[in-house]
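As structure tokens, the structure follows; a few thoughts come after it.
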Amino acid sequence: MRAYTVATTAVALEMPGKWIDNTLSHFIVPGVSQSKQGVARKLNPRAILTLAISLRLVRDLGIPLRLALDLGNRLGETGGAEARLAIGGDILLQVNVLAVARDIESRLAHAVEVTPIPRRGRPPRLERSLKNGFPFSQE
5 MRAYTVATTA VALEMPGKWI DNTLSHFIVP GVSQSKQGVA RKLNPRAILT
55 LAISLRLVRD LGIPLRLALD LGNRLGETGG AEARLAIGGD ILLQVNVLAV
105 ARDIESRLAH AVEVTPIPRR GRPPRLERSL KNGFPFSQE
């Protein structure tokens, strides 16, 4: 299954990368692979769908993020075009998951094209020396 970077996800969801990173640091979102410090997180399409649904719940209904992530995850799990979730006894939340998934899929295709893959770690030696103004090693 394909996995996306935080930067690609941020472009697709039209949110700052810092917001995505903070959200993933504070809340558990199924489909996010995290190993250890210094290794970039990867999100599978299911995790991005959960974030997309949750964002819409936060923006449109003013639901707190913690609750929106729980609802978004449960709605995304149901599968199918229309997901319904009973809240309490009198409220029914219905989301067209297929429409959200299609929207995110097209946004991800665009985001993959425009988002560079960030380099991690120390730059190569030649690049460091050029940046410091030394074209050749002075050893």
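In short: position in the sequence shown from 1, add 4, done, that's our numbering.
We treat Cβ as the ideally placed atom computed from N, Cα and C, and that holds for glycine.
So the candidates are Glu-86, Ala-105, Leu-75, Gly-80; which of them puts its Cα closest to the Cα of Gly-92?
Comparing Cα-Cα distances from Gly-92 to each of Glu-86, Ala-105, Leu-75, Gly-80, the minimum goes to Leu-75.
Which whole-angstrom value is the C-beta distance of Tyr-8 and Leu-47, which I expect to be below 8 Å?
Yes, they are in contact, since the Cβ atoms of Tyr-8 and Leu-47 sit about 5 Å apart, within 8 Å.
Leaving out five residues on either side along the sequence, give the residues of the same chain with a beta carbon under 6 Å from the beta carbon of Ile-121.
If we look at Ile-121 and ignore the five residues flanking it on each side, it has no Cβ neighbours.
Considering only the alpha carbon of each residue, which of Val-10, Val-99, Val-43, Arg-6 lies closest to Thr-27?
Minimum Cα distance to Thr-27 is reached at Val-10.
Among residues of its own chain, excluding the 5 on either side of Gly-80, which ones have a beta-carbon nearer than 8 Å to its beta-carbon?
Counting only Cβ-Cβ distances below 8 Å, and skipping sequence neighbours, we find Arg-50, Leu-53, Thr-54, Ile-57, Ala-87, Val-101.
What's the C-alpha gap between Thr-13 and Val-116?
The straight-line gap from Cα to Cα measures roughly 9 Å.
Out of Val-99, Arg-70, Asp-94, Asp-64, point me to the one whose CA is closest to Thr-82's CA.
For Thr-82, the nearest C-alpha among the options comes from Val-99.
Of all the options Leu-97, Gly-84, Leu-59, which has the alpha carbon lying nearest to the alpha carbon of Pro-20?
It is Leu-59 whose Cα lies nearest to the Cα of Pro-20.
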